[in-house]
Structure formats: C-alpha cells, structure tokens
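**Q** Going by this note's numbering, the letters in the sequence shown line up with residues 682 to 891, in that order.
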Amino acid sequence: MHSSVINRYAAAIRDAILAHEADIECLDREIGDGDHYINMKRGCEAIAGLADELNTLSAADALNKIGMKLLSTIGGASGPLFASFFMSMSKSLKSSDTITTLQIALAFEAGVQAIMQRGKAQAGEKTMLDVLIPVATTFKQLAEQGQSDKDIAAALKPIASDGLESTRNMLATKGRASGLGERVIGHLDAGAKSCQVMIDTICDLVLSGQ
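#1: Nearest CA to the CA of Q780: which residue from A824, V812, I814?
#2: Based on Cα-Cα distance, which residue from S753, N850, F767 lies nearest to N745?
#3: Cα-Cα, which of Q784, F789, H868 is closest to S765?
#4: Nearest CA to the CA of A841: which residue from R849, A853, A873?
#5: Would you mind reading off the limits of the alpha helix (DSSP H) that contains A853?
#6: In chain order, what residues of the same chain have a beta carbon less than 8 Å from the beta carbon of V686, not counting five sequence neighbours either side?
#7: Around the Cβ of H701, are there at least 16 other Cβ atoms within 10 angstroms (buried) or fewer (exposed)?
#8: Can you give me the C-alpha to C-alpha distance between I785 and L774, rounded to a whole angstrom?
#9: What are the start and end residues of the alpha helix (DSSP H) that includes G827?
#10: So what does DSSP say about A802, is it helix, strand or coil?
#11: Inspect the beta-carbon positions of L762 and G800 and report whether they are closer than 8 Å.
#12: When we look at the beta-carbon of N720 and count the other beta-carbons within 10 Å, is it buried (16 or more) or exposed?
#13: Do you know whose CA, among Q822, S769, K807, P815, lies nearest Q798's CA?
#14: Assign E706 to buried or exposed, taking buried as 16 or more other Cβ atoms, counted over all protein chains shown, within 10 Å of its Cβ.
#15: Please state if the CB of C876 and the CB of T809 are separated by a distance shorter than 8 Å.
#16: Spell out a yes or no on whether the region 742-757 and the region 707-717 are touching, meaning 3 or more CB-CB pairs, one atom from each, closer than 8 Å.
#17: If we require 3 or more residues per run, which beta strand (DSSP E) segments fall completely within the region 692-760?
#18: Does the Cβ of E806 have 16 or more other Cβ atoms within 10 Å, making it buried, or fewer, making it exposed?
#19: Within 10 angstroms of its Cβ, does R653 collect 16 or more other Cβ (buried), or is it exposed?
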C-alpha cells in the first residue's frame, strides 16, 4: 500500500462524509453532543491539506502524520480516538517488511484496539466500536484465509451496515447519550454512522479496482 492510495481513500472519505452531512448531523442532534459532523469535516479537510506531504512518505509514516494532525485538529472525544487509531496502524505497519492484505488487517485491528483502550469502551455500548470491532474481526479472518481484496471488501460492507443498525436498540454508556437512559433506544449512533460511511467508501473503491 503506497501513500498515494491513502490519499485517494482520504479524498473519497471526505467527499462521502460531506455527502452524508444531513444524516450524521441529525443523528448527533438527537442523542449526541451536536459537534460530531463538524469535527469529522474538520478532520477530513485537515487530512486533505496534507496530500502533497503524504505522497513523499511511506504508508506507515503517512498514517502517523494523519494521526498527529487529527490529534491537533479535531475537538471533542473524536480527535484522540481517531488519532490513536491511525498512529497504532502506523506502528503496526512499521514492523512489517512488506505490506500485505493481512498486514493491513492486523494494523486495522491494532487501530481498533487502540480506540477501545483510549475510550475505555467495547462492543455493545452504542459507539463507533459497534461497527469497527466486527469489521476488524471479519477483515482479519478473511485475510488469514487468503481471500481476495474484492471478496473481503464485499463481505465487510454488510458487516459495517449491520454493526451500525445494531446500535439502534442499544443503551449508551458513553458521552452525552449515556445520560439519556432509554430515550436513546431507536436511535442510531452518529459515530457508528460515520465509521460505516468510511468503511463503505473504502470497500467501494476496492471493488471498483481502485
């Protein structure tokens, strides 16, 4: 994986997040802090501003640069969480002589584990992890089986969608939503929605041969 691929994915994710502004903002207004979309947009634009520099770096260094930028750019809880994700991915890839699909899967898993540790959260708490954990688990399993990139991408799309939908009937234990009790039932988590959009976007690029 070359840093140019990371730039291509980042640009596509930015466009997708902007396209889902209404959905994400609506979800966050209902049970969140109301600033999730703004922070996501700010982060995407900050990464876009790094494009030229990222092209000169290795994939691992590019991911670390992204993490550092997000840490200094995104406010609220999301900044440190996403920063931990990218910096942990970077650390995982730096230990690899070659970057294979399995290495990317392991790096993704490391990133998700970093979010769990930083946020002191796990699956079932109505957060982005309800999308990220099942995606990481399936990604690793399929990569270990030697499945093709396109087959993996096709499999991960419904996993991400199901993870998002699973948050609808969960109680929240983190953030503002945790104080709303049963009023959060019936609402999707905005962070989970953002992650589903990002994963879906990357999978579509892989399926289209990009």
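A virtual CB, placed ideally from N, CA and C, is assigned to each residue, including glycine.
**A** Checking against the coordinates, here is how it stands:
#1: Here the sequence assigns Ile to residue 780, which means Gln is not the residue at that position. Closest by alpha carbon: A824.
#2: F767
#3: F789
#4: A873
#5: It is not in any alpha helix (DSSP H) - A853 carries neither H nor E in the DSSP assignment.
#6: A740
#7: buried
#8: 7 Å
#9: Careful: G827 lies outside any alpha helix (DSSP H) and carries neither H nor E.
#10: coil
#11: yes
#12: buried
#13: S769
#14: buried
#15: First, the amino acid is wrong: residue 809 is Met here, not Thr. For M809 and C876, yes; Cβs fall inside 8 Å.
#16: yes
#17: none
#18: buried
#19: Residue 653 lies beyond the residue range present for the chain, which begins at 682 and ends at 891; the question has no answer from this structure.
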